[in-house]
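In terms of our numbering, the sequence shown opens at residue 74 and continues consecutively.
In what follows, a single structure is set out as structure tokens and then discussed.
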Amino acid sequence: ACPCALIISTPVTMFCALSKAATTGLLFKGGDYLELLAKVKTVAFDKTGTITRGEFIVTSFQSVQETFTTEQPLFWVSSIESKSSHPMAASIVNYASLKSIKPLPEKVEEFINYPGEGIYGKIEGEDIYIGNYRIGLRAGCKDVSHTMDGKASGFIYIGATLVGTFSLSDECRIGAKEAIEELKRAGVRTVMLTGDNQVSAQQIQNQLNQAIDIVHVGLLPEDKAKIIEELKKDGVVAMVGDGVNDA
């Protein structure tokens, strides 16, 4: 018997699947990648903006130096963050506006992004470093804190001197927990890769009811790439993330 009907039905089925995926916002480069999904053994997730909404709320912002009021560091930070595309940046700019402080990005003389660490900006003659504990090391600070009150922690340095701190909170996306649990029911291992600290990651795990199998914290972008390579030794790996905060 001639398998003509079978030969014709295969590309039609693939076309329908690709078209259906496109209507939900999923774009596949070709049928090969769609078929590869059936072989996935591990799905690795970025945390910020992927598992979480990436819509941060500033829960605290304070000066730690008597020589500065909160307003001065907030002006510097919001002006510099105005030039950043990181998901946290917009929340700080909005927070400044709520405090009647207008960011002036045009006053930022220099701007450097350090992936996995934070940012640097020169404003009003001051060298300002903003980010996680790693940015303190880059700024030359000898005594660097890693966490603060269990929130995503931010630190502000003028040179090597810590002048301020801030905390932000984020929530899981609607449906994230259910999607991860469905993967587990299908026998797929789930992994979270994040540059945030252990406490921050654990807060998200708690929201997910401990659904993620493995959690890696404190990662630079290159660390995430290395872990993916290790995971690939056990089979096909899918990575889910927007990469905005790793770019």
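Even for Gly, the Cβ is constructed at its ideal location relative to N, Cα and C.
Quick one: using the 10 Å Cβ neighbour count with 16 as the cut-off for buried, is R258 buried or exposed?
Numbered from 1 along the sequence shown, position 185 holds the residue referred to as residue 258. Exposed, since its Cβ has fewer than 16 Cβ neighbours within 10 Å.
For the alpha helix (DSSP H) that contains L304, what are its first and last residues?
As a first step, residue 304 must be located in the sequence shown, where it is residue number 231. It spans 294-304 - the alpha helix (DSSP H) in which L304 sits, taken as one unbroken run.
Quick check: the Cα distance between E303 and D315, rounded to an integer number of angstroms?
As a position in the sequence shown, residue 303 is number 230, starting the count at 1. As a position in the sequence shown, residue 315 is number 242, starting the count at 1. Roughly 21 Å separates the two Cα atoms.
Under the rule that 16 or more other beta-carbon atoms within 10 Å means buried, what is S151, buried or exposed?
As a working note, residue 151 is residue 78 in the sequence shown. By the neighbour-count rule (16 or more Cβ atoms within 10 Å), S151 is buried.
Distance between beta carbons of D307 and V290, contact taken as under 8 Å
For the purposes of this step, residue 290 is identified with residue 217 of the sequence shown, where counting begins at 1. For the purposes of this step, residue 307 is identified with residue 234 of the sequence shown, where counting begins at 1. V290 to D307, Cβ: 21 Å. No contact.
G189 vs Y202 beta-carbon contact at 8 Å:
On the sequence shown, residue 189 is found 116 positions in, with the first residue counted as 1. On the sequence shown, residue 202 is found 129 positions in, with the first residue counted as 1. Not in contact: G189 and Y202 (Cβ atoms no closer than 8 Å).
Give the secondary structure of C214 by DSSP, where H, G and I count as helix, E and B as strand, and everything else as coil.
Translated into the one-based positions of the sequence shown, residue 214 becomes position 141. Reduced to three states, the DSSP call for C214 is coil.
Using the C-alpha atoms, what's the distance from Q280 back to E51?
The chain is shown only over 74 to 320; residue 51 falls outside these bounds and no answer can be derived.
Among all the DSSP beta bridges, which residues are the ones paired with V272?
If you number the sequence shown from 1, residue 272 lands on position 199. Beta-bridge pairing links V272 to no other residue.
List the DSSP bridge partners of L266.
The residue labelled residue 266 in the question sits at position 193 within the sequence shown. D119, H289.
In angstroms with no decimal places, state the Cα-to-Cα distance between Y106 and A94.
By 1-based counting over the sequence shown, the position of residue 106 is 33. By 1-based counting over the sequence shown, the position of residue 94 is 21. If I take the Cα positions, the gap works out to 12 Å.
With a cut-off of 8 Å on the beta carbons, I'd call A311 and V116 a contact; round off their distance for me.
The sequence position of residue 311 within the sequence shown is 238, counting from 1. The sequence position of residue 116 within the sequence shown is 43, counting from 1. Contact between A311 and V116 holds, since their C-beta atoms are separated by about 5 Å, short of 8 Å.
If distances are taken between C-alpha atoms only, which option among L256, E255, L241, L292 comes closest to S164?
The residue you call residue 164 lines up with position 91 of the sequence shown. Nearest option by C-alpha distance: L241.
Please report the straight-line C-alpha distance between R211 and Q145, rounded to a whole angstrom.
Your numbering for residue 211 matches position 138 in the sequence shown. Your numbering for residue 145 matches position 72 in the sequence shown. If you draw a straight line from the Cα of R211 to the Cα of Q145, it is about 22 Å long.
Would you mind reading off the limits of the beta strand (DSSP E) that contains L109?
Position 36 of the sequence shown, counting from 1, holds the residue named residue 109. Secondary structure note for L109: it is in no beta strand (DSSP E), and the uninterrupted alpha helix (DSSP H) holding it is 104-109.
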